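Residue numbers (numbering that gives the first Met the number 0), protein chains in the order written: chain A, 0 to 315; chain B, 0 to 503; chain C, 0 to 295; chain D, 0 to 331.
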Amino acid sequence: MIRYIGKRLLWMIPVMLGIAILIFSIMYICPGDPASSLLGPSASAVELAAKREEMGLNDPYIVRLGRYLYQTFIKFDLGTSYKFGTSVFAGLMERMQYTLVIALLCMALQVFVGTPLGIAAATHHNGIADRICMFLALLGVSIPAFWLALMLVLIFAVNLGWLPTSGVSNGLASFILPCIANSFAGIASQARHTRSSMLEVIRSDYIVTAKAKGLSEKTVLFRHALPNALIPIITIVGNGMGMMLGGTVIIENVFAIPGVGRYMTDAINSRDYPVVMGGVLILGLIFSLIMLLVDIVYAFVDPRIKAQYEGRKGKK
Amino acid sequence: MKKFLSLVLALVMALSMASFASAEQGKSVVVGLAGDPGNIGPFQGMGLGRIGILFTTYEMLMVKDGDTFRGCLMKELTKVDDLTYDVELYDYIVDQAGNKLTASDIKFCFETAKADGNLPKLSSVDSVEVLSDYVARFHFTALAAGDLESLLMECPIVTQAAYEASADKMATDPITTSPYQVVDYKTGSTITYKRNENYWQKDELTVTTSRHNVDEITFKIIPDPVQMVNALKAKEIDISAAIDGSYISDFMGVEGFDVTQIPDNTTKYLIFNFDSIPNAAERQAIAYAVDVDDIIAFAFDGIGYHAKTVGNNKYPDFVESWNDEEYYEYDDDKAQALFAEAGVTAGKTYRLIYNVADDNTRIATTIQAALGDYGINVTLIPYDNALFGTYKYDDKKSGEWDIMLDEGGSSNLLTNVWKLTLDSRDQTYGKTVGHVADEKLQSLIEAAINDNSPENMDAFHQYLKEQCYEYGLVSKVNNLAHTTVVTRAATCFRGQILPGACEY
Amino acid sequence: MSVTAVGKDHVGVRSKRQGQFGQVMHRLRKNKVAMIGLSIMIVLIVIAILSPWITPYNYAKTSKADRYALPSWQHLFGCDGMGRDILSRIMYGARASLFLGLMSTIVATVVGVLLGSLVGYYGGKVDNIVMRILDIIQAIPGMLLSIAISAALGSGIGNTILALSIGGIPMTVRLLRGSILTVRKQEYIEAAEKINCSKWRVITSHILPNSIAPVIVSVTMGIGNTILQAASLSYIGLGVQPPTPEWGAMLSEGKSMITKYPHLCIFPGLAIMLVVLCLNMLGDGLRDAMDPKLKN
Amino acid sequence: MANKDVLLSVKDLTVEYTSEGEVIHAVNHVSFELEKGKTIGLVGETGAGKTSIARAILRILPEPPARVPGGEIEFEGKDLLKVSEADMQKIRGKEISMIFQDPMTALNPIMRVGEQIAEVVKLHEHCSRQESIEKAKKMLEMVGIPGERFYEYPHQFSGGMKQRVVIAMALACSPTLLLADEPTTALDVTIQAQVLDMINDLKRKLNTSMIMITHDLGIVAEVCDTVAVIYAGEIMEYGTREQIFHDPRYPYTIGLFGSLPDLNSDVERLSPIEGLPPNPADLPRGCAFHPRCPYAGEECRKEHIELKDIGGGHLCRCCRLNEIAAGKAKEV
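Laid out in structure tokens, this is it:
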């Protein structure tokens, strides 16, 4: 197992290099001009051209790529944001604190609300609980997040005045509406996946075996069915966590939260190259680590997968 | 679970109580800002979000106060010769850290800003010479009409000592001469300013942009337009210039709220691509075919002004008589006749390129519908800001559009609006943005830029109108909605809120 | 001493005659909920195809008098900010939205399932390399990928579908890989291999039916997002250009009016919800029909 | 049929499945009795309803779609269909346990095999964890698996070993009744014999009664005392092993023997039963077997036929016994 993890960590080096080269090349072929967003709309074409030259944007691809890779991987410097004038790493970490709060809260909601809902639906297959749960789930995945967010604001912030409409200056209260709005789809999808997976597992022979042993419904459900049912859900949760750490642009925009998503989207829109490239690299690293974690959790939950990681000596 | 919930609720309540409590002390105002200023350092460019906080954060040598130019840090301006001016500062300026501002700081600021290259106008400043503690001599390489003022207004001034003391070139914690000091900057969220009790200028000499009628100013960045409305309704913000036109009725004449309407200094106009529409009659026909009233109704909820030239009529060099001239008002007969003359028949297709934004999409759609009445198709090509900015000036892209919906404005002169797209010297390929290489047009605009006398202005305007290389459409109106905490809203000449100058 | 094949149960016999596909279809046809979903989808598709002839108004016809008109008998769903009939725009918009939504979902699923099966089946090096490439692709923000596709390959419907589907592939692969890993080592797979089943057959008839369920769930839920995403592509040279209606764009146009004129958002939102709902009903039915554990 | 030594008495048991709106009659009015220490064999084709009978006894039918609309299952004086679920849980695994058909899927793939045995021990014998582990290891050794393999997972076991684990699990609490659902089908012949020997052995040691579900007449001959031939959810013929083996009367039973390779005769080909089992959702009127029965006559198609005692407790559900006897005679 440790060998496997070590191998995966080593693999991260080419992955990071791959991400760096790919993002650099994409930014290179993407039209759009960082100079124009820096100088504002009243700059003329000649002034823009001068600024581009000064920023070194007119150098050939290879020169710029080399400079970028040298700076990133040899000097470990992600550069300074064109727009904010601050270090990309510091900027990203500052934004990450908000994103992390939202991601963790949302994941918690998703797991601790979605999973029980899915279990309830599966154990009452085709019953009322199932129908209600699945209806909510469908609502969850088909209601656009911004719509839900704005409705929540209208009710709880504008009409009732319980919570702030937007911003991050009210402590935890600032995060309640964003998290509810953001996790609704996650809860829904978690519930559906749990249900689907539970249904598969509940029909398995080993569940009948467990029942035939005289175990109580609860024990059968939680000791035998759930752990098996959760295996595919690990991917969902891992992927969801990875995505959420990349920021949730819609929610961050609506609630005026200066999270990673807005930082990155703004950077993409204004072609703030250092932020885009540095951000993608760091987020890619985080994502890869989470995916590695997912694979490790897999191995812990499912001995069959662990056996596959450890080589093919498996069966005796 | 219940326990946890009640705990959370209690926490929430405690937190919200705390925030209300702190808001009670002193007079404070919260301004809703749609754009993120990002770097608030002095020598950054003029990205859209920055303009909103510029005058609260910094002072310049000169500002435009109402319709007149006034010295802010500058006490006297003396002309030495055509390209040389002496600037005399007040001799009692101190910044928020107590540093004295002297002529050497002026030299430092202009040189640093020019070297940073984010304020491209400064390229016409050749050098700044320190004559004495409070007198700096500016040497310019060239000065067109209005350039002197815009140059002196362009560069925010800070002391060299404070700038060098900052770790990040004042990107987050500028120390300036302004009456308000940044005390907290949560990047992307809020910027809070406290009034500087030791502001240097005497009240009777304070320019509008430096007034300080309130103790604390918070700019809150709210990118979503609906949330801006919600925040104002919930009175989390006191004033915003970014309330969508269709929501104005929620605040106008409503108890506790008020709305001030201020014409925007930008104008929407059409640029015709000379490569694909070389015939003046065809361009004129399109201009006649478009009904600006429709555009105002569809894109601006009925509130907007017809443009009378390429640019609006708020500039000092705008010639009054143009207001009464005919300027391609919607005329079906003329449009048909001109289309016939140009040989344009039904089935013709134009490609209209524009910068995507709600109002632009609607203007473009209105134009599309208007030309549709003549059997002419219009293909809309929307681009996001970055792509539009690139394609607009890209010679290679000129084969991909026929009409461009663009907008432009300037902080001082109409000629500066014209310069943006009509001066071929400012393009990298020696033609206007519309690919016109017309020597007469060029000589007329150069004349107007060098000397914006009504004659020169009119000559250029009339020629442009006759050729219809570009066609001014409409200027919008900004809605300043505010709670009655603000009794009179004040804006700078760029249409941005000046929270310190508002009355409470 | 054992009894030779005494007889086959009827399902098994049918499978011989109809093949696996026919068998799945047969079970699907018997599932009422799935059939309702399918019927509504077909109705929507028919509306989309016939929309140029059956919309009550021209979708692009603007009218100053009808700006933001509320739903009424003249305009069942009301009118938008340009005075255009929302019902007509939704009907016509079904063309772009359904086409883009369905096509890109199908492309993403097919590619994802192919890759996922390969990765899950072969494991080892193949797994490592493909998954790491996916790590790299997934690190790039979708918007940037789309802009790059638009810039490098130009506009056009194919590239739009590519841009929309590329984001969905990694998730599908990961899901499938995850669930194949759990069935990969089961005896029936080994048995199938030992009797010299072709790899293709092992994958399609033994591995996939046992591991596809999470993919179906995730794909059918994702289509709503895909339709919404299509709206943002029109600003970067892909997607559908105005005034041709498209549900995602209608929704984002109406977004800023949501508290003032909610009908601008509600109806396109409902249209998207309907599609998501139907596909989910169909997807659930399909999953049940494909589930080998339900055969007997 | 009253006997004081009866451990289990099933009366009129009926099981239905509802599938896509159709009602499938899996088990129809099945009655039989089992004495202490004895073994009954339920014989029939796949899908005949044998497994459903066993699962109905343990009440582990998947409900829905399955349903038990009628009947009685009397076990040690209690009607299992009426006891509470909590009481049932105390019976399952302890008094009655089951060996499942498919060892490949009967074990929880992500739980250590020993743990799965220890679980049932701990549950019913209320012992400490340590004791339950010891017992589980002992059980593993009893079925011929080294105790140290307690900590391994099912995927590390071969099919035969998994089946032994399943058996160990079923026998862990010394049940009074063992339901063995085709315990050897998934195994190869040598292991089959070992497993059967083992079951027989354990049965003798623990004086356990057993219901042996199989389609393999060889196994029946080896372990069963009585035999019930099940066809389309009904008992068609019932009798002692000797009665069934030496004097099969029902045409289906005869057919079963006909499809056995008889090493003593030099018949070149087996004679399998023609046709297919009936669709349980749409059973034929009259005798369920008549479409395939070479002796079927008019009356077989008309009405349902009752189970009749044809002597010595040998029951048969046929109205043409005489014709069959004649036909048999002719053949010989």
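Glycine included, C-beta positions come from ideal geometry on N, C-alpha and C.
Bear in mind the structure is a predicted one, so any value in this text is a computation, not a measurement.
- Counting only residues of its own chain and dropping the five nearest sequence neighbours on each side, LEU306/D has a CB closer than 6 Å to the CB of LEU314, ARG316.
- DSSP places VAL26/D in the strand class (E or B) of the three-state scheme.
- Membership of PHE286/A in the alpha helix (DSSP H) is indicated by the continuous run 272–300.
- Within the segment 180–263 of chain B, the runs of alpha helix (DSSP H) at least 4 residues long that lie entirely inside it are, in chain order, 224–232.
- Contact between the segment 60–67 of chain B and the segment 139–146 of chain B is absent: fewer than 3 CB-CB pairs across the two stretches fall below 8 Å.
- Proximity of TYR353/B to chain A, defined by a Cβ-Cβ separation below 8 Å, is not satisfied.
- Boundaries for GLU252/C: no beta strand (DSSP E) harbours it, while the alpha helix (DSSP H) harbouring it runs 246–254, taken from the DSSP string.
- Excluding the 5 residues flanking it on each side, ASN181/A has same chain C-beta neighbours closer than 7 Å at ILE101, CYS105, ALA144, THR247, ILE250, in chain order.
- Closest option to LEU386/B, judged by alpha-carbon separation, among ILE22/A, MET26/A, SER203/A: MET26/A.
- Here LEU7/D is bridged, per DSSP, to LEU33/D, PHE74/D.
- With a 10 Å radius around the Cβ and a threshold of 16 neighbouring Cβ atoms, ARG94/C comes out buried.
- In this structure, the alpha-carbon of LEU79/D lies about 7 Å from that of ILE56/D.
- Judged by pairs of C-beta atoms under 8 Å, the segment 83–93 of chain A touches the segment 271–286 of chain A, as three or more such pairs exist.
- When C-beta distances to chain B are compared with 7 Å, the residues of the segment 17–37 of chain A below that value are PRO30, GLY31, ASP32, SER35, SER36, LEU37, in chain order.
- Contact annotation for THR360/B against chain C: PRO241, GLU252 [CB-CB distance below 8 Å, chain order].
- MET169/B has no beta-bridge partner at all, per DSSP.
- Between LYS29/C and ARG303/A, the alpha-carbon positions lie close to 36 Å from each other.
- Rounded to whole angstroms, the separation of the alpha carbons of ASN209/C and PRO64/D is 22 Å.
- PHE99, ASP101, THR104, ALA105, LEU106, ASN107, PRO108, ILE109: these are the residues of the segment 99–115 of chain D whose beta carbon lies less than 7 Å from some beta carbon of chain A, given in chain order.
- From the beta-carbon of ARG2/A, no residue of chain C is found nearer than 9 Å; the closest lies around 13 Å away.
- About 7 Å separates the beta carbon of ILE229/D from that of VAL42/D, a gap short enough to meet the 8 Å contact definition.
- The Cβ atoms of PRO119/B and GLU93/A lie no closer than 8 Å to each other.
- Using a Cβ-Cβ distance cut-off of 8 Å, the segment 462–479 of chain B and the segment 303–318 of chain B are in contact, since at least three pairs of beta carbons, one from each stretch, lie closer than that value.
- Across the segment 179–195 of chain B, CB contacts with chain A closer than 8 Å involve LYS185, THR186, GLY187, SER188, THR189, in sequence order along the chain.
- When rounded, the separation of the alpha-carbon atoms in LEU227/C and ALA270/C is 11 Å.
- Considering only ILE148/C, LEU113/C, GLY177/C, the residue with the shortest C-alpha distance to ASN238/A is GLY177/C.
- Under the Cβ criterion (8 Å, minimum of three pairs), the segment 37–46 of chain B counts as touching the segment 33–42 of chain A.
- Shown in chain order are the members of the segment 219–239 of chain A whose Cβ falls below 7 Å from a Cβ of chain D: HIS223, PRO226, ASN227.
- According to DSSP, residue pairing for LEU269/B in a beta bridge involves LEU404/B, TYR470/B.
- Counting along the chain, the unbroken beta strand (DSSP E) around SER131/B starts and ends at 124–131.
- Under the three-state reduction of DSSP, GLU181/D is assigned to coil, being neither helix nor strand.
- In this model, ILE256/A and GLU128/B are separated by some 46 Å (Cα to Cα).
- Assignment of SER215/A by DSSP, reduced to helix, strand and coil, places it in the coil class.
- One thing to note: LYS391/B has its Cβ within 8 Å of the Cβ of VAL432/B.
- Neighbourhood of GLY5/A in chain C, by CB distance below 9 Å: empty, with the nearest CB roughly 13 Å away.
- Counting along the chain, ILE92/B sits inside no alpha helix (DSSP H), nor does DSSP assign it H or E at all.
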